[in-house]
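Chemist: Chain order of the listed sequences is F and D. Per my numbering, the first sequence starts with residue 22, numbered consecutively. Per my numbering, the second sequence starts with residue 293, numbered consecutively. We put the CB at the ideal spot given by N, CA and C, even for glycine. Can you read through this structure? Questions will come right after.
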Amino acid sequence: EAGVTQFPSHSVIEKGQTVTLRCDPISGHDNLYWYRRVMGKEIKFLLHFVKESKQDESGMPNNRFLAERTGGTYSTLKVQPAELEDSGVYFCASGRDPREQYFGPGTRLTVT
Amino acid sequence: AQSVTQPDIHITVSEGASLELRCNYSYGATPYLFWYVQSPGQGLQLLLKYFSGDTLVQGIKGFEAEFKRSQSSFNLRKPSVHWSDAAEYFCAVGGRKYSGGGADGLTFGKGTHLIIQP
């Protein structure tokens, strides 16, 4: 069984630009989560999808972040416009059971 | 609000020695508890989890953890570490937020870097 995949593995953009991160969950997993780790800080929850519906987006930092999960399969996280403080590693996780979350390798975002 | 404290940022252990990584949590009820490991260039791998029942939990790679309600702790242990155990370890807590008992978003500690000396 393939694991959670994320694309790209690394993205470098300038402040003010737009970046879209993609996550492909494990097949059959209805639950999909986004997390972020800013350098030196702990991993923080951003939001949770159940199929295509946002179950909880309490961790989204502001309205520059937009997450979608069309058709309940893969998900995208768009940052527009990017700011310097958005730099960090963005993790995606999925699970069949909400109590089990399998993480992807992460996307390292650098905003210059 | 729930929180997780991993008091040790770095721990250095000799290969073959025993290991204990500390984790304390703050939560109003019995939470779901997890330990994840991240090796360089890899994603987070689930080592073990506790939901209920036996408070001593066995995981992968020879790790175990013990839930102690009275101390609000969930420390990770391994009797003999191998050089391949060098990684960053994260303790996490999930709340029983929904009627279905789902953990929803996890709250993580800041992580502990494990360094193995030959």
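Compute the minimum distance between the beta carbon of F:K65 and the heavy atoms of the ligand GDP, and state whether it is under 6 Å.
Modeler: Here there are no bound small molecules, and the ligand GDP is not part of this structure.
Chemist: Could you give the DSSP three-state label for F:R90: helix, strand or coil?
Modeler: Here residue 90 of chain F corresponds to residue number 69 of the first sequence, with the count starting at 1. Correct three-state label for F:R90: coil.
Chemist: With DSSP collapsed to three states, give me the class of D:G335.
Modeler: Counting from 1 along the second sequence, the entry for residue 335 of chain D is found at position 43. Looking at D:G335 - three-state DSSP - the assignment turns out to be coil, as it is neither helix nor strand.
Chemist: Consult DSSP for D:G354 and reduce its assignment to one of helix, strand or coil.
Modeler: Here residue 354 of chain D refers to the residue found at position 62 when the second sequence is read from its first residue. Looking at D:G354 - three-state DSSP - the assignment turns out to be helix.
Chemist: Helix, strand or coil: how does DSSP classify D:D300 here?
Modeler: What you label residue 300 of chain D is simply residue 8 of the second sequence in a count that begins at 1. D:D300 falls in the coil class under three-state DSSP.
Chemist: Report all residues from its chain with a CB closer than 8 Å to the CB of D:Q350; omit the five preceding and five following residues, and keep chain order.
Modeler: Looking up residue 350 of chain D in the second sequence gives position 58. Apart from sequence neighbours up to five positions away, the residues of its chain that approach D:Q350 with a beta-carbon distance below 8 Å are L340 and E356, ordered along the chain.
Chemist: Buried or exposed for F:N52, going by 16 or more other Cβ atoms inside 10 Å?
Modeler: In the first sequence, residue 52 of chain F corresponds to position 31, counting from 1. The residue is buried, with at least 16 neighbouring Cβ atoms inside 10 Å.
Chemist: Which two residues bound the contiguous beta strand (DSSP E) that contains D:S318?
Modeler: As a position in the second sequence, residue 318 of chain D is number 26, starting the count at 1. N316 to S318 is the extent of the beta strand (DSSP E) around D:S318.
Chemist: Check the C-beta distance from F:R129 over to F:V100 and give it rounded, since I have them as a contact under 8 Å.
Modeler: Against the first sequence, residue 129 of chain F aligns to sequence position 108. Against the first sequence, residue 100 of chain F aligns to sequence position 79. Wrong, their Cβ atoms sit about 13 Å apart, outside the cutoff.
Chemist: Measure the C-alpha to C-alpha separation of D:Y324 and D:Y317 and round it to an integer number of angstroms.
Modeler: Residue numbering aside, residue 324 of chain D sits at position 32 when the second sequence is read from its first letter. Residue numbering aside, residue 317 of chain D sits at position 25 when the second sequence is read from its first letter. Rounded to whole angstroms, D:Y324 to D:Y317 spans 11 Å at the Cα level.
Chemist: Do you know offhand how far D:Q334's Cα is from D:A309's?
Modeler: The residue labelled residue 334 of chain D in the question sits at position 42 within the second sequence. The residue labelled residue 309 of chain D in the question sits at position 17 within the second sequence. Annotation: D:Q334 to D:A309 spans about 25 Å, alpha carbon to alpha carbon.
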